[in-house]
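Notes follow the structure.
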Amino acid sequence: MKRKKRFFWALVLLCAAGLLAGGSQLLQMSGQRRAGEEFYSSLRLQASAAPAGAEPGRGTSPQEKPEEPAAEEASFWEENPQAVAWLSCPGTSLDFPVAQGEDNDFYLNHLLDGSPHRYGCPFLDQGNAADFSDRNSIVYGHHMAGGAMFAPLTQYQSQAYYEAHPTLRLSTPEASYTVELFAGYPADPQEDASPWQQVFLTEEEFSAWARRAAERSCLESGVLPGPGDRVLTLSTCETPSGTLRFVLHGILREEKAGE
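Residue numbers for the sequence shown follow the working numbering, beginning at 403 and rising by one.
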């Protein structure tokens, strides 16, 4: 009888220890997420003072225009040389800097400033030109649980969501662009690498690639890139822990001064 009681209380203590460990892990993950969100919130405040004409977009405040910074104030780009762009989707939570590393691994688990963090940072493919002058520039980002980071991209599987948010905004140190979305779909990188194709030997090859993307798209845009157009491709996991990717293609339309 005593042996059974000891066994019972041992199980109780083991379960309690497991609950405490699990709770501690959840608190730690929650704290990490909060720290990541606070980090990017502080960057948004800094980015709002970037020079007019090439200022990072403010996805959550599409009507808000940043004021011209004071002459002595260092710009976002000067203080964050590892950033090559700022990407936003007006009216949504998609509002982040874009980094570029020496490989495609570093920013999977590092913030923009290089500090280790599971949140990571959206990043431009290492093989792309930092000024987005390639025919297809690819930006990767995590699909975080709770709808953070690039999670909103998967909502483009809904035509209604696309019609509510048909464009994104990309700002670089040199220029600002409206990204006119034309296709979005799930893809398996182990079976089909075409969504991430960067080099096109002819204009015909590029046009055929764009048509195939539109044909397999979940959304209907009625838009296709033309000769000489450049494409921005965003890539994220279809689910937070899935193997499929959701890719979103858009045409880069440079914004002129005063627009």
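No residue lacks a Cβ here, since even glycine has one placed at the ideal position from N, Cα and C.
Option in the options with minimal Cα separation from residue i
i, options, result
"Trp598", "Trp611, Thr604, Glu440, Glu606", "Trp611"
"Asp594", "Val649, Leu626, Tyr542", "Val649"
"Leu626", "Tyr542, Leu634, Ser609", "Ser609"
"Leu636", "Arg436, Val500, Gln484, Gly493", "Val500"
"Pro492", "Phe508, His519, Leu570", "Leu570"
"Leu513", "Thr638, Val601, Ala485", "Ala485"
"Leu496", "Ser517, Tyr542, Pro518, Ala577", "Tyr542"
"Leu603", "Ala550, Arg537, Arg613", "Arg537"
"Val671", "Pro629, His519, Ser490", "Residue coverage of the chain in this structure runs from 403 to 661, which leaves residue 671 outside it and unanswerable."
"Ala577", "Gly549, Ser535, Glu607, Gln600", "Ser535"
"Asp363", "Gly438, Ser623, Gly624", "Because residue 363 is not part of the residues shown, which for the chain are 403 to 661, the question remains open."
Neighbour flag for residue i against chain C, beta carbons, 9 Å
i, result
"Gln448", "Note that chain C does not occur in the displayed structure, where there is just one protein chain."
Where residue i sits in the DSSP three-state scheme
i, result
"Phe648", "strand"
"Ala454", "Model confidence at Ala454 stands at a pLDDT of 41, short of 50, so the residue's coordinates are unreliable; what they give is reported in the following sentence. It is coil, neither helix nor strand."
"Gly586", "strand"
"Glu656", "strand"
"Tyr441", "The question names Tyr, but residue 441 is Phe in the sequence shown. In this structure, Phe441 counts as helix in the three-state DSSP scheme."
"Ala449", "helix"
"Arg436", "helix"
"Val625", "coil"
"Val601", "coil"
"Cys639", "strand"
"Leu496", "coil"
"Thr462", "Only weak support exists for where Thr462 lies, its pLDDT of 45 falling under 50; the value from the coordinates is given anyway. Coil, per DSSP."
Cβ-based neighbour list, residue i, same chain, cut-off 6 Å, excluding 5 preceding and 5 following
i, result
"Lys658", "none"
"Asn506", "Gln528"
"Ala589", "Pro597, Arg647, Val649"
"Gln448", "Phe478"
"Ala615", "Ala585, His651"
"Ser539", "Asn530, Leu634"
"Pro524", "Phe498, Val500, Val541, Gly543"
Residues near residue i by beta carbon distance below 7 Å, same chain, minus five either side
i, result
"Pro642", "His545, Met546, Ala547"
"Leu510", "Gly522"
"Tyr442", "Phe498"
"Ala553", "His545, Met546"
"Ala531", "none"
"Asp631", "Ile653"
Alpha helix (DSSP H) segment containing residue i, residue limits
i, result
"Glu617", "605–617"
"Glu593", "Taken as a continuous stretch (DSSP letters only), Glu593 belongs to no alpha helix (DSSP H), as it is neither H nor E."
"Tyr521", "Here Tyr521 belongs to no alpha helix (DSSP H), and DSSP marks it neither H nor E."
"Phe478", "478–481"
Check: residue i C-beta below 8 Å from any heavy atom of the ligand ATP
i, result
"Arg571", "Only the bare structure without any ligand can be found here, which leaves the ligand ATP out of the picture."
Span of the beta strand (DSSP E) around residue i
i, result
"Arg571", "569–573"
"Leu489", "485–490"
Same chain, Cβ closer than 8 Å to residue i, five either side skipped, listed in chain order
i, result
"Gly586", "Leu555, Tyr558, Gln559, Tyr564, Ser619, Cys620, Leu621, Phe648, Val649, Leu650, His651"
"Gln592", "Thr645"
Where are the alpha helix (DSSP H) runs, 4 residues long or more, that stay fully inside the stretch 500–566, in chain order? 561–566
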